[in-house]
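Enquirer: Quick one: this structure, given as structure tokens, is what I'll be asking you about.
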Amino acid sequence: MATGDRERVAEQTHGATTGRSTPRVLSAIAVAITLLVLSPLAWLVMRAGEMETIRAIELLTSETTVDVTINSIVLVGTVTALAIVVGVPLAILTVQTDLPFRRFWTVTAALPLVVPSYIGAFAFVSAFGPHGHLSNLLSPLGIEQIPAIYGLPGATLVLTLFTYPYVFLTTRAALLSFDGTIVEAARSLNHTRWQAFKRVTLPQIAPGIAAGGLLVALYTLGDFGTPSIMKYDVFTRMIYNEFGAQRIDYAAVLSWLLLAMAVAILAVESRLEAGRDGAYVSRGSRRPGEIKLGRWKLPALLFCGGVATLGLALPIGILLHWLVRGGIGYQGAGRAFELAFAWNSLSVAAAAALVSVVVALPLAYLAARSDTRLGSLPDRLSYVGYAVPGVVLGLALVYLSLKYVPFAYNTVILLVFAYVVRFMPQAVGTTKSSLLQIDPSYVEAARSLGYQPLTAFRKVVLPLIAPGIAAGGALVFLTTMKELPATLMLQPFGFETFVTYIWRVQESGYYGQAAIPALVLVVVSGLSMLVILRREQHNAT
Amino acid sequence: MQRSTDTHDTTAAFDSVETAVEDPTATVLELDGIAKDYGHECAVEDLSLSVRDGELLTMLGPSGCGKTTTLRMIAGLEQPTDGTIQIDGRTVANSDAYDKPEERNVGIVFQDYALFPHLSVEENIAFGLTEASERKTDERVSELLELVDLDEHRTKMPSQLSGGQQQRVALARSLAPEPDVLLLDEPFSNLDVRLRVEMREEVRKILKRAGVTAISVTHDQEEALSISDRVAIMNDGHVEQVGDPAEVFENPESKFVASFLGQASFLSARVAGDTIETGMGTFETTRLNGPVEAYNGATVDVLVRPDDLRAVPSAESTADGYVTQRQYNGPSFVYRVTLHSGDVVHCLHNHSESFEPGEPVEIDLTADHPLAWYPTG
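Protein chains in written order, with this note's numbering: chain A, 6 to 546; chain B, 1371 to 1747.
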């Protein structure tokens, strides 16, 4: 102990001993991770610095840029509005009315979320496009023309169908968590049901609706697959094309605009989050009385059924159809699916998951236990993952690696790094929420029983947060499996995965070959939904 | 872990648990002028306290008085900004050196027990026994399970136990490595009222049998007075009074202590030679505790508790005041009486003696002990 005196004094000066403040090593690790994650953004900034102002202005104000900006805004606006129009009524019908088979409709309303939107788009094009299933079916009847699926209508339809569940779920959560007695109070103050809904229910669930709407907007803005398949020129599609044509300057300029819009959406979201303190916190257990649908029952059922048919039955049906008919006429000149592709998908996803949970642990610990400014770093960092669309990340990483780490270019390392930047926040989230459920006095108890801080953490905290870490890893694994744009841009030469294979088959029009990998991806995203739902139940209890 | 170097063989040491404490006059814990600042806020200020071997001392005070902070400083979970802490003659914290919690040989029973939920009862108890062989550990765990009377729950998980059982496991876990000092943070606050009384006796019995020096923290005066060898009344970051529970209750040294213990009222009295004049009559100064001559002609506040007074039905003309509130406690009533003089006092009566609010009453001073008093102000 005699030698320990100086160490103790040293330690005391930076306050590592109380266990309530942040150890220096942990902070250093967190800062290093932050810098790494931010590096792709650094490329965009650097690129801006290198470009001549006149050229930048020229590109920013070109006709194409204006068109693409308008297209993107129109798409985001219409999809968000339509998602609210579809999602909110579904939530109200399944929570507050006497709709028959409510549980069934709740499930079908949420499920379209498991279809990756590019697979949905793919299915819709094959059904409704020229020479698609539907036109082939209808042509013997003399119907030659069906409405065009390409362009804005197709992109809007597909994105709405596969993103409205965000609005549905947040609205449903808001409806479930608010106290039914206040509706009864409004009724007792001489309000009709409709008046009570407008003056009491709606203001309470509005933040939930808005939160869902913003998720839809952010998803739509960053989605690459759907607009590309629908041949609708928005930022993501243009960036990808410019990247393919080696016009980096223009790709960079479009990336700034795309990022600016994403940041704007996130800014609205975080303001909403901050102002939500008083909203739906009333934790009454009473449900408001059920609304009797009466003669509206049939239209309500048709509405639910219609949405379920378009969002669920149709895409899955088409995939199954491909699967059954696979051998005949659908197999073209393209390479057949090989098991090696599956192995590639699984192994990069596993690597991304592993790296993510390891990196997430210090960040989550900092976020959960530190009350210093550094403690909010991981949360801020997670926004980078959400805000930077895959195309932008892919673009930045290609050029960043070419310039500074050429050995990583065209390797799996770069691909895994991209996945970690995009999806690590999910692992931080689950790990942090597990940590928050652990009483800090466990560590104090272990220390009072003679354990060093790190040993105490390993013996007491780690076993308890293991399920959270595992869930985070599973989420990263599953979302990595279906990631499209960064995978396309960063795949090492000849390294095919489920996703790149589907994309290639889609481009060449040999739909049938995509059946198995597409169905696998649907199952994979179904599983990731399951992980999230299990976590929510677990956290709720 | 240094602890087994200065203790004997685990089993041999446990035998001493059954016997009495070796030297009840030895000081085990010494706090000397300790202070804790949080930025500009001062949680503990110049606090000194010494605890004897085998003693159970309770720090009692309202929330925010600094008692939990003091406990955490003894444990090493917080570092004092000033002052010295000595455990068993060894300085564990002073203004420039500081032992970590794992180096102190101090056990803690946490308010919510902090049992490790992934470990069974026996694994929890064995958690701190890292030095001993497997057989020794096993024996020690058995001894402790016997001590806290939980033999049959050995392999259960904490979640399968009741609140009282969990508390006993927490106690056994912290006693297992034979701490020099055991700290208990609000130990009964998570139990329901009935169990609380039962566990108080149980815990005191276990602590006494283990012969451990223990410091407990609470804001519940009944708990503090009933289980402790000594109580330290804390207020605003410092100790107001330390002593034997009965002595502190009977002779509070400050008005704060007086008002904190029991349902205290203060009767303003003017000292006039050998008598004092109050809103309920004139009494001789011999009824007061200690000489009051120095205050001749001035006013003092006399401490009266509900059991010191009795209300007697009276006519309007002879009444001292009116009953203004009736509080029914089952076996007894406590009446609040507002005197004509403006003082408010409380009287304890059994449930058969009933007054109505608004009734005029005379108040008799029935106390058979000298009354504590304080200069007004």
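Glycine included, every Cβ here is placed at the ideal spot set by N, Cα and C.
What runs of the alpha helix (DSSP H), each 4 residues or longer, lie entirely inside the region 509-539 of chain A?
Expert: Taking only runs of at least 4 residues, no alpha helix (DSSP H) segment lies wholly in the region 509-539 of chain A.
Enquirer: Report the neighbours of Pro468 (chain A) on chain B: residues whose CB is nearer than 8 Å to its CB, in chain order.
Expert: If you number the first sequence from 1, residue 468 (chain A) lands on position 463. Correct list: His1488.
Enquirer: Taking the CB atoms as reference points, tell me whether Thr1688 (chain B) and Glu1732 (chain B) lie closer together than 9 Å.
Expert: Start at 1 with the first residue of the second sequence, and residue 1688 (chain B) comes out as number 318. Start at 1 with the first residue of the second sequence, and residue 1732 (chain B) comes out as number 362. Against a cut-off of 9 Å, the Cβ pair of Glu1732 (chain B) and Thr1688 (chain B) comes out as a contact.
Enquirer: Out of A:Ala115, A:Gly218, A:Leu166, A:Ala61, which has the shortest C-alpha to C-alpha gap to Leu535 (chain A)?
Expert: Position 530 of the first sequence, counted from the first residue, corresponds to residue 535 (chain A). Looking at the Cα atoms, A:Ala115 is the closest of the given residues.
Enquirer: Determine the direct distance from the alpha carbon of Leu440 (chain A) to that of Val1398 (chain B), and round the result to whole angstroms.
Expert: Position 28 of the second sequence, counted from the start, is the residue given in the question as residue 1398 (chain B). Position 435 of the first sequence, counted from the start, is the residue given in the question as residue 440 (chain A). If I take the Cα positions, the gap works out to 37 Å.
Enquirer: Quick one: using the 10 Å Cβ neighbour count with 16 as the cut-off for buried, is Tyr409 (chain A) buried or exposed?
Expert: Locating residue 409 (chain A) in the first sequence gives position 404, where the first residue counts as 1. Tyr409 (chain A) should be labelled exposed.
Enquirer: Label Gly283 (chain A) either buried or exposed according to how many other C-beta atoms from any shown protein chain fall within 10 Å of its C-beta, with 16 as the threshold for buried.
Expert: Here residue 283 (chain A) corresponds to residue number 278 of the first sequence, with the count starting at 1. Its pLDDT being 43, under 50, Gly283 (chain A) is placed unreliably by the model, and nothing is read from it.
Enquirer: Could you spell out where the beta strand (DSSP E) holding His1716 (chain B) opens and where it closes?
Expert: In the second sequence, the residue the question calls residue 1716 (chain B) occupies position 346. First-last of the beta strand (DSSP E) with His1716 (chain B): 1714-1720.
Enquirer: Taking Cβ positions only, does Leu1515 (chain B) come closer than 9 Å to chain A?
Expert: Here residue 1515 (chain B) corresponds to residue number 145 of the second sequence, with the count starting at 1. It does not; no Cβ of chain A falls within 9 Å.
Enquirer: For a contact defined as C-beta to C-beta under 7 Å, what are the partners of Asp376 (chain A) on chain E?
Expert: Here chain E cannot be found, since the structure's protein chains are A and B.
Enquirer: Does the beta-carbon distance from Ala354 (chain A) to Leu483 (chain A) come in below 9 Å?
Expert: To locate residue 354 (chain A), count along the first sequence from 1; it is residue 349. To locate residue 483 (chain A), count along the first sequence from 1; it is residue 478. Closer than 9 Å, so yes.
Enquirer: Lys1406 (chain B) to Val1618 (chain B), Cα distance in whole Å?
Expert: For the purposes of this step, residue 1406 (chain B) is identified with residue 36 of the second sequence, where counting begins at 1. For the purposes of this step, residue 1618 (chain B) is identified with residue 248 of the second sequence, where counting begins at 1. Lys1406 (chain B) and Val1618 (chain B): Cα-Cα distance of roughly 26 Å.
Enquirer: Round the Cβ separation of Asp1713 (chain B) and Arg1680 (chain B) to the nearest angstrom and send it over; I've been treating them as touching at under 8 Å.
Expert: Locating residue 1713 (chain B) in the second sequence gives position 343, counting from the first residue. Locating residue 1680 (chain B) in the second sequence gives position 310, counting from the first residue. Incorrect: roughly 16 Å between the Cβ atoms, too far for contact.
Enquirer: In this structure, does DSSP put His1608 (chain B) in helix, strand or coil?
Expert: Position 238 of the second sequence, counting from 1, holds the residue named residue 1608 (chain B). Three-state result, His1608 (chain B): strand.
Enquirer: With DSSP collapsed to three states, give me the class of Pro383 (chain A).
Expert: Walking along the first sequence from the start, residue 383 (chain A) turns up at place 378. Helix at Pro383 (chain A).
Enquirer: When DSSP labels each residue in this structure, what does Ala1413 (chain B) get in the three-state scheme?
Expert: What you label residue 1413 (chain B) is simply residue 43 of the second sequence in a count that begins at 1. Here Ala1413 (chain B) sits in strand by DSSP.
Enquirer: Within the same chain, show all residues whose beta-carbon is closer than 8 Å to that of Gln1535 (chain B), passing over the 5 residues directly before and after it, in chain order.
Expert: For this step, residue 1535 (chain B) is matched to residue 165 along the second sequence. Answer for Gln1535 (chain B): Leu1520, His1523, listed in chain order.
Enquirer: Could you check if Asp1550 (chain B) is buried or exposed, using at least 16 other CB atoms within 10 Å of its CB as the buried criterion?
Expert: Here residue 1550 (chain B) is taken as the residue at index 180 of the second sequence, counted from 1. Classification for Asp1550 (chain B): buried.
Enquirer: Listed from N- to C-terminal order along the chain, which residues in the region 1471-1483 of chain B have their beta-carbon within a distance smaller than 7 Å of any beta-carbon of chain A?
Expert: Listed by position, the residues of the region 1471-1483 of chain B near chain A (Cβ gap below 7 Å) are Pro1471, Glu1472, Val1476, Gly1477, Ile1478, Phe1480, Asp1482.
Enquirer: Comparing alpha-carbon positions, which option in B:Glu1571, B:His1719, B:Glu1592 lies nearest Asn1699 (chain B)?
Expert: Against the second sequence, residue 1699 (chain B) aligns to sequence position 329. Among B:Glu1571, B:His1719, B:Glu1592, the Cα nearest to that of Asn1699 (chain B) is on B:His1719.
Enquirer: For Glu1732 (chain B), which of helix, strand or coil comes out of DSSP?
Expert: Your numbering for residue 1732 (chain B) matches position 362 in the second sequence. The answer is strand: DSSP assigns Glu1732 (chain B) an E or B state.
Enquirer: Mapping the DSSP letters down to three states, classify Gln1695 (chain B) as helix, strand or coil.
Expert: For the purposes of this step, residue 1695 (chain B) is taken as residue 325 along the second sequence, with counting starting at 1. Three-state DSSP puts Gln1695 (chain B) in a strand.
Enquirer: When you compare the region 446-458 of chain A with the region 487-506 of chain A, are there three or more beta-carbon pairs, one atom per stretch, that lie closer than 8 Å?
Expert: They do not touch, by the three-pair rule.
Enquirer: So with Cβ pairs under 9 Å, would you call Ser438 (chain A) a contact of chain B?
Expert: As a working note, residue 438 (chain A) is residue 433 in the first sequence. Chain B contact via Cβ: absent.
Enquirer: For Tyr1468 (chain B), which residues does DSSP report across the bridge?
Expert: Within the second sequence, residue 1468 (chain B) is the residue found at index 98, counting from 1. Answer by DSSP bridge pairing, in chain order: B:Ala1463.
Enquirer: Just the C-alpha distance for Gly159 (chain A) and Ala523 (chain A), rounded to the nearest angstrom, thanks.
Expert: Taking the first sequence and counting its residues from 1, one reaches residue 159 (chain A) at position 154. Taking the first sequence and counting its residues from 1, one reaches residue 523 (chain A) at position 518. Roughly 20 Å separates the two Cα atoms.
Enquirer: Drop a sphere of 10 angstroms on the beta-carbon of Gly1424 (chain B), count the other beta-carbons inside from all chains shown, and report buried for 16 or more, exposed for fewer.
Expert: The sequence position of residue 1424 (chain B) within the second sequence is 54, counting from 1. Buried is the call here.
Enquirer: Taking C-beta pairs closer than 9 Å, name the residues in chain A that Gly1459 (chain B) reaches, listed in chain order.
Expert: Along the second sequence, read from residue 1 onward, the residue named residue 1459 (chain B) stands at position 89. Going along chain A, no residue has its Cβ under 9 Å from Gly1459 (chain B), so there is no contact; the nearest lies around 14 Å.
Enquirer: If you measure beta-carbon to beta-carbon, which residues of the region 1494-1524 of chain B are closer than 8 Å to chain A?
Expert: Of all residues in the region 1494-1524 of chain B, Phe1497, Gly1498, Thr1500 have a Cβ within less than 8 Å of some Cβ in chain A.
Enquirer: Here's the rule I'm using: 16 or more other beta-carbon atoms within 10 Å means buried, otherwise exposed. How should Val36 (chain A) be labelled?
Expert: As a position in the first sequence, residue 36 (chain A) is number 31, starting the count at 1. Classification of Val36 (chain A): exposed, given that the 10 Å Cβ count is below 16.
Enquirer: Just tell me which of B:Glu1516, B:Gln1481, B:Asp1482 has its CA closest to the CA of Ile1495 (chain B).
Expert: Taking the first residue of the second sequence as position 1, residue 1495 (chain B) is located at position 125. Measuring from the Cα of Ile1495 (chain B), the nearest candidate turns out to be B:Glu1516.
Enquirer: Run through DSSP, which three-state label would Ser1702 (chain B) get?
Expert: Within the second sequence, residue 1702 (chain B) is the residue found at index 332, counting from 1. DSSP places Ser1702 (chain B) in strand when its eight states are reduced to three.
Enquirer: Give the DSSP-derived three-state secondary structure of Gly1436 (chain B) in the structure shown.
Expert: In the second sequence, residue 1436 (chain B) corresponds to position 66, counting from 1. Reduced to three states, the DSSP call for Gly1436 (chain B) is coil.
Enquirer: Alpha carbon to alpha carbon, how far is Ser182 (chain A) from Leu1417 (chain B)?
Expert: Position 177 of the first sequence, counting from 1, holds the residue named residue 182 (chain A). Position 47 of the second sequence, counting from 1, holds the residue named residue 1417 (chain B). So the two alpha carbons sit approximately 48 Å from each other.
Enquirer: Would you say Arg452 (chain A) reaches chain B, if we count a Cβ-Cβ gap shorter than 9 Å as a contact?
Expert: Here residue 452 (chain A) is taken as the residue at index 447 of the first sequence, counted from 1. Yes - at least one Cβ of chain B is within 9 Å of the one on Arg452 (chain A).
Enquirer: Let me check understanding here. Comparing Cα to Cα, which of B:Phe1480, B:Ala1484, B:Thr1652 lies closest to Pro1557 (chain B)?
Expert: The residue labelled residue 1557 (chain B) in the question sits at position 187 within the second sequence. Of the listed residues, the one whose Cα sits closest to Pro1557 (chain B) is B:Phe1480.
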